[in-house]
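Note that this note's numbering has the sequence shown beginning at 16, numbered continuously upward. All C-beta atoms in this analysis are idealised placements derived from N, C-alpha and C, irrespective of residue type, glycine included. Just below is one structure, and these are the notes that go with it.
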Amino acid sequence: MALLFIPAVAVELKLYSREWCSWCIDAKEYLTQKGYRFNIIDVGRDRQAYAEMKRLSEQTYVPTFVAGDRVLANFDTDQLEKFLNEHQINP
């Protein structure tokens, strides 16, 4: 019997942020320095994105990270690393 290898589908990392938010700037710099790929969604410029973030996270704070159906609404490097590892998001 042959084994079938199905590669895991990469989970997209989204960062909901605002341009002026110092924590958001820190989060972007942290992810960039570590080599992570992520999509930045500016909820200050996009009202629909703000509504989507609010619906997904049940809160209004930035930065908010979304990976698949999981949400982290905080920027603490230890929590973020745990979140990324749990969802197998690698640089």
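Comparing the C-beta of A88 with each C-beta of chain D, is any distance below 7 Å? Absent here is chain D; the protein component of the structure consists of one chain.
On the three-state DSSP scale, how would you describe Y76? Judged by DSSP in its simplified three-state form, Y76 adopts coil rather than helix or strand.
Here's a check: name, in chain order, each residue in its chain whose Cβ is nearer than 8 Å to the Cβ of A42, leaving out the five neighbours to either side. The residues L30, S32, P78, F80, F90 and L95, in chain order, have a CB closer than 8 Å to that of A42 in the same chain once the five nearest residues on each side in sequence are set aside.
Output yes or no for whether 7 Å exceeds the beta carbon distance between F71 and V86. A small correction: the amino acid at residue 71 is Leu; Phe does not occupy that position in the sequence shown. Contact annotation: L71 and V86 have beta-carbon atoms nearer than 7 Å.
DSSP puts N54 in a beta bridge; with which residues? N54 is bridged to K29.
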